[in-house]
Every structure is written in structure tokens, then in C-alpha cells.
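One structure is given below, encoded as C-alpha cells.
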Amino acid sequence: MIAANNPSLKSWIEVSGDSDFPIQNIPFGIIKTGRRQPRMATIIGNTVIDLSVLAELGYFNSVNMDTSVFYMPVINEFMALGKETTRAVRNRISAIFQHNNGELRDNDEHKTQILCDVDDVQLLMPVAVGDYTDFYSSREHATNVGTMFRDPDNALLPNWLHLPVGYHGRASSIVVSGTPIHRPKGQQMPAGAEMPVYGACKLLDFELEMGFVVGKSSQLGQSVSTDEAEDYIFGLCLFNDWSARDIQKWEYVPLGPFLGKSFASSISPWIVTLDALDHFRISGPEQKEPEVLPYLKYEGDKRYNIALEVLLQPEGGEAKTISRSNFKYMYWNMCQQLAHHTVNGCNFNVGDMCASGTISGTTPDSYGSMLELSWRGTKPLPMADGTERKFLKDGDTLILRGFGEKDGLRIGFGEVSGKVLPAT
Ligand code: CA
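This is the structure we're talking about:
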């Protein structure tokens, strides 16, 4: 077991029982405070730890590494050091903050420089995302969409159970939690019309997804096996793939999603390492009917039991939970996605991001989009303020949360939120 993952560890920093960030998490992100430049940080409880100052004061002298990565405005260079080094850093941070270690605990002058409350920092986009790919790997979601738009008896297209379907998305519009999103504009074909119209999207939706960040580059022309894939996955975040259903519906045949998807995706600010999620591994679904091709077979537990929640907060109103799902509702796991992505020789670069696709559970209260929750607008969702929602309205804030919990240990992601602003 990785030393920092030990469930019995306790920190001298106070951590409440329902915190997503106990000492066993140690995620990585980018902070900004006052006039200082953006730099790397981690978090325990509600206390943000400035890694650049920690390095400056010599706390990483025992780790064989280039500590200049902690002064970068993104975590790409840190991830590129490789898992041996990033694990050593996580273990070292864990050691510094253990309750019985006095080296920093008893140094008030250093603590003032290194620690601050999470409410006093700005959390920035943690990764410079090079390329972004979105998969479509939840069988429940693909079945719901296929049932609505095609045929309940043949909801899945013939390729779906043979390969992790995906498309190349747009990296430039991936934004960090808290960034407001303007309602997109574009072409739509109203039902019964003969000509398309141009205007603001009327069917704005979210998609509940998890994203993973690539921390190791692969070579052009080479494939990465399912066995090797975990070495390339640095960590995960919550991912909201905002979607304009009316624009999407008119444009997507025959080449797939384009402007209905590319206007924005939002991510949570802390990248939780794959290492930290080790306790929450579970086995995958049987993939024998049909049997998958050899390059997609894998060994071990590659799915993760991570509870996911979606909240919708109308302007000036109360946030209401509109869905509870779980990252376990994935037919294709991240290792299969990565192996499939590289099977043709396409290379990954450090900082690339892949998203899972909408994660829907088996019951109507566990669906991962408004499209499914309101069943194409036929079952509006009641809000606490007496209004209803079929899709998202201007002024709505959409919030995703997620955490794994097992044997009293909880490792979470915090949240990703985004407010819908009117079209420009
Ligand atoms: Ca998606």
C-alpha cells in the first residue's frame, strides 16, 4: 500500500468527518492569493497548503526532484515528473502533516507562510489541457438516449458493446468551477419546420461525468495496453459537459457532436490522484455477451465506487439535489478507454483530458442529464421555489459533487459549479 493511503493516519490539521479532503487525499491544484503569482497547492480539511512555500522553506529537501514545478501556474510539469516522484511528494506531504510530526506543526512562523483557509484563495484551472476526448461509456445512459431517440428494442448501436465510443472534444473551452457559462447560440431545426433557425439554445443541459488527466506522454505510433494504462492516468476530477440539445440534434449526423458541445465544459479545481482512489476499486461488468476483443480485456478491479450528486440552484433560490449516481455505472473503464484511444497509434501528451461520458444509474433518480431526468421534457422536475425545469434556465447554477467512502475513509472531489448566464 502507498504510505499516504493508510486509513489510520491522522493530521494535526483539523478535518471534519464529512470532509472530502482528509490527510489520505492530498489532491493537487493551483491557487492565487493577493498579488502573488499562481502556484501549486494541496488541501487538508479546509486548509490550503502552498507547496511553493513549503518547498522554499526546505520541506522537500529529502525528495529527489526539481521543486521549480511548484511555482508553475498549472500542474502539468509536476505530473510529467512521473509517478515515482509524484508519489514521493504525496508521501512526504502526508508525513509532514501527520499528527505526531512536529517539524511544521510546532513552527508558527512557517505555518503562517504555508497555510491558509480555502475561503481566502482563488482556485484556478489546474491543468493546461492539450487535447480533450469525451467518451460515451455508461450503458444505462446510452440505453436511455437510444430508447428516446431510436428504438427501445435496439437502444444500443451495433458497435457500442464492442468499443468505447468517443469523440474529440474542444480543450480551449474547459473551465474551472465557478466560471459562469453563457447560453450558447446556434442553428436549430424546430419540429415541423422546413428551414433551420438561428438563435439562443432552448434546450440547455448538463452532463454528469468524471474526467481523467493524462500524466505521461505516449509515443506516436505506439499503443498503450490496458495493463499499462494506469501509469498514464495521473488523477481525476468532476466534469460537467454542458450540452445544447437542440443544436446537437440538428448538427450531429453524420459526424457527431460539434458546436452543441464545444461551448463549455467545467471541471472541479482539485485533481485527485488515481493513487488516492485505490480503496474504492470495484470489479467491472461481465463483458462476455458479446466478448470483447483481446486488446480491450483487462485484469483486476478497474472501476471505482464514487458516489455522485447533482444539484440545481435557481437564481436566488435553494439548491436541490436532482440526481444521485455513481462512477461505477461504467461499462468501459478508464484503462479500456485509454487502450482503445491509442490502439491506432494516436499519442497522448501530458495534460490531455478524457471524460467518461454521462454517468447514469439504473433508476430515474440517478440519471446524469436533464434530457434523461425530464425524459426529453415530458416529466418536468419540481424545484423548491415552485418552478419546474425541463432543461436549464438562465440564472440556474448547476453543481456536481462526488466522493468515495469505505470503512470510515472518505476521499472526495469537492465540487464543480457553474451558473448559466443569458446568451450574449
Ligand atoms: Ca458528454
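Going left to right, the sequence shown walks through residues 187 to 610 as this note's numbering numbers them. Where is the CB? At the ideal position from N, CA and C, for every residue including glycine. All values reported here derive from a predicted model rather than from experimental measurement.
E574 is positioned such that its CB atom lies closer than 9 Å to that of P566. G588 and F207 do not touch by the CB rule: their CB atoms are close to 13 Å apart, not below 8 Å. Straight through space, the alpha carbons of E485 and P471 are spaced by roughly 12 Å. Relative to ligand 1, D593 has its C-beta separated by 8 Å or more from all heavy atoms. Cβ-Cβ separation between A274 and T412: approximately 26 Å, too far for a contact (criterion under 8 Å). Contact annotation, V400 with F214: C-beta distance approximately 14 Å; criterion of less than 8 Å not satisfied. Put simply, of N250, D292, N262, I360 the residue whose alpha carbon is nearest the alpha carbon of N277 is N250. Residue pairing for E200: DSSP places it in no beta bridge. When distances are taken from the beta-carbon of T549 to the heavy atoms of ligand 1, even the shortest one reaches 8 Å or more. I360 is a Cβ neighbour of S451, given a cutoff of 9 Å. Uninterrupted beta strand (DSSP E) stretches at least 3 residues long and entirely within the stretch 435 to 510 occur at 451 to 453, 493 to 499, given in chain order.
Of the heavy atoms belonging to ligand 1, none sits nearer than 8 Å to the Cβ of A190. Contact between I188 and D461 holds, with the beta-carbon distance rounding to 5 Å and staying under 8 Å.
With contacts defined by Cβ atoms closer than 9 Å, T544 and E395 form a contacting pair. Cβ atoms of S454 and S511 stay farther apart than 8 Å, at about 16 Å. Nearest to W518 by alpha-carbon distance, out of H327, Y318, C302, is H327.
Between the alpha carbons of K402 and E437 lies a gap of roughly 34 Å. Annotation: I229 is outside any alpha helix (DSSP H); the continuous beta strand (DSSP E) that includes it extends over 225 to 230.
Put simply, the backbone Cα of S280 is about 43 Å away from that of G446. Rounded to the nearest whole angstrom, the CA to CA distance from R369 to G385 is 10 Å. If you draw a 10 Å sphere on the C-beta of V260, you find 16 or more other C-beta atoms in it, and that means buried.
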